[in-house]
DNA sequence: GCAAAAGTGTTCAATGTACACCCATGC
DNA sequence: GCATGGGTGTACATTGAACACTTTTGC
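Protein chains in written order, with our numbering: chain A, 1 to 222; chain B, 1001 to 1222.
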């Protein structure tokens, strides 16, 4: 049976919260196409690995981090999106707690890698990666409100103020402290620890941890 | 540059409401693999067409219908999902008003095509198509509640009772007539026509039409 | 004692849910 | 006149939004 074969890549939008900012990992390409432009990390899917494993492999190559929240975003496949030929990309996004990352790893001489603020991205990204980032931010914001993905961006122990900051940074708006805490409490997914965190000349904040190993999704939410 | 090339298909879950039932179009394979098993219609993406166009082409080949609501669902790509080799499939789902379909079209001698109730599917479908259908139903139910996709399953003019029936069939539960109408009214997307529909020995029902050409999605909902 | 962030409740508005009767028609 | 589905409103519960003061600490 004959059919056209097509290159399949995975591209990964890797989010983290750094310096009170929503940041995304970009790589600067040192080879054509789009030489010297910033892009989302990604690579070809190998014959014997699943899409998700390909994404996990790329993610680990870039960040050195395993066991990360990783979710398929969308598949982009316009015929001309890659000048090298017909290439379809399955986009994923990942959420990493900033404390887990020391430094992004640039793959040997292929490119450099660095964090960029989602709110001040380089002008024009390679391929259709502007579009992918747009879409990823939309999805992240959406899921933040209806699921507990936000917890993935924090270390195991965190204060409620830190959690609120994550929400504020991603949604890009101030939230009311009392309403926020009421909402989080109603989810019933946090354990209040008998530990506090001191930081500056004020009352110490109670540390909390996330109850569930697994994330909680309202039924049908993707 | 070397990379593994992979076959890319689109598979389409085509939903309609027929005989007060949520039905999906399946094709019976006449060739290996999965000979004589039912499958979702689909086919290989051609070199020069976008994923969505490939899906539209397949959809039209099966049903003869154009201008259909069509949305990307998810991309499935486990290495062993197709015994012929490494094939990744981008799944779509489509919603068709039953009045637009006369009869599904079986592609010449490749297979036969027929509608099946989502609630009484054949035992074991080809490939991972059970899983794809599961996922499609979840997505459909989810979007039904937060968007106006449901209107795509009705003809241009419809009664509120017909609309309610669509919701009840898909969600598989009874809804309260007054609350349903209040909710629909609050969406503000229907035009009450000066026409009625007589059907049986009772008060005729007012016909309505959908206001928007475009579908309405709350921001961020995918 | 004062600066700084932590922590905590109440009121009001909007939305969702439960529930029952009259209306227009064909026969 | 009766059987059938069409059409309508109100009371209550739940959820979301606005809003201000006391507590604990370091200096």
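Virtual Cβ for every residue (Gly too), placed ideally from N, Cα, C. Model, not experiment: these values are computed from the prediction.
For residue i and residue j, what's the separation of their Cα atoms in angstroms?
i	j	result
residue 1071 (chain B)	residue 1090 (chain B)	11 angstroms
residue 1188 (chain B)	residue 1210 (chain B)	10 angstroms
residue 1011 (chain B)	residue 1146 (chain B)	25 angstroms
residue 1198 (chain B)	residue 1192 (chain B)	16 angstroms
residue 1036 (chain B)	residue 1127 (chain B)	12 angstroms
residue 1138 (chain B)	residue 1118 (chain B)	12 angstroms
residue 1053 (chain B)	residue 67 (chain A)	36 angstroms
residue 214 (chain A)	residue 15 (chain A)	Here residue 214 (chain A) scores only 48 on pLDDT, less than 50, and its place in the model is too uncertain to base an answer on.
residue 99 (chain A)	residue 143 (chain A)	22 angstroms
residue 1046 (chain B)	residue 1057 (chain B)	11 angstroms
residue 222 (chain A)	residue 83 (chain A)	At residue 222 (chain A), the pLDDT of 42 sits below 50, so the modelled position is not reliable and the matter cannot be decided from this model.
residue 180 (chain A)	residue 1207 (chain B)	44 angstroms
residue 48 (chain A)	residue 1022 (chain B)	37 angstroms
residue 122 (chain A)	residue 8 (chain A)	26 angstroms
residue 104 (chain A)	residue 1080 (chain B)	33 angstroms
residue 203 (chain A)	residue 177 (chain A)	16 angstroms
residue 107 (chain A)	residue 158 (chain A)	32 angstroms
residue 50 (chain A)	residue 1051 (chain B)	20 angstroms
residue 1020 (chain B)	residue 1031 (chain B)	33 angstroms
Ends of the beta strand (DSSP E) at residue i?
i	result
residue 194 (chain A)	190 to 197
residue 17 (chain A)	5 to 18
residue 146 (chain A)	Note, residue 146 (chain A): premise wrong, no beta strand (DSSP E); alpha helix (DSSP H) at 129 to 146.
residue 111 (chain A)	111 to 117
residue 177 (chain A)	Premise fails: residue 177 (chain A) lies in the alpha helix (DSSP H), 177 to 187, not in any beta strand (DSSP E).
Keeping to the same chain, check which residues put their C-beta closer than 7 angstroms to that of residue i; ignore five residues upstream and five downstream.
i	result
residue 1194 (chain B)	none
residue 1168 (chain B)	1174, 1175
residue 1156 (chain B)	1209
residue 1055 (chain B)	1010, 1012, 1070, 1092
residue 149 (chain A)	69, 95, 143, 215
residue 1154 (chain B)	1097, 1162, 1163, 1166
residue 1034 (chain B)	1126, 1127
Identify, in the order they occur along the chain, each residue of the same chain with its Cβ nearer than 8 angstroms to the Cβ of residue i, setting aside the five sequence neighbours on each side.
i	result
residue 184 (chain A)	160, 163, 190
residue 1141 (chain B)	1170, 1171
residue 124 (chain A)	37, 130
In terms of residues, what are the limits of the alpha helix (DSSP H) holding residue i?
i	result
residue 1207 (chain B)	From DSSP, residue 1207 (chain B) is part of no alpha helix (DSSP H) but of the beta strand (DSSP E) over 1205 to 1210.
residue 1165 (chain B)	1160 to 1171
Is residue i near the ligand MG - that is, is its Cβ less than 8 angstroms away from at least one heavy atom of it?
i	result
residue 1061 (chain B)	Within the structure as shown, the ligand MG is missing, as the structure has no ligands at all.
Who are the Cβ neighbours of residue i in its own chain at under 6 angstroms, not counting the five residues just before and after it?
i	result
residue 1006 (chain B)	1086, 1088
Practice problem: Count the CB pairs spanning the segment 21 to 40 of chain A and the segment 114 to 128 of chain A that are closer than 8 angstroms, and state whether there are at least three. | Solution: A contact exists between the segment 21 to 40 of chain A and the segment 114 to 128 of chain A.
Quiz item: Do the segment 53 to 62 of chain A and the segment 36 to 44 of chain A meet, that is, are 3 or more Cβ pairs less than 8 angstroms apart?
Solution: A contact exists between the segment 53 to 62 of chain A and the segment 36 to 44 of chain A.
Practice problem: May I ask you to verify whether the segment 68 to 86 of chain A touches the segment 129 to 143 of chain A, counting CB pairs closer than 8 angstroms and requiring at least 3? | Solution: At 8 angstroms Cβ cutoff, the stretches touch.
Quiz prompt | Entirely enclosed alpha helix (DSSP H) segments - the segment 1013 to 1100 of chain B, minimum 4 residues | solution = The DSSP assignment places 1051 to 1063 as complete runs of the alpha helix (DSSP H) inside the segment 1013 to 1100 of chain B, in order along the chain (cut-off: 4 residues).
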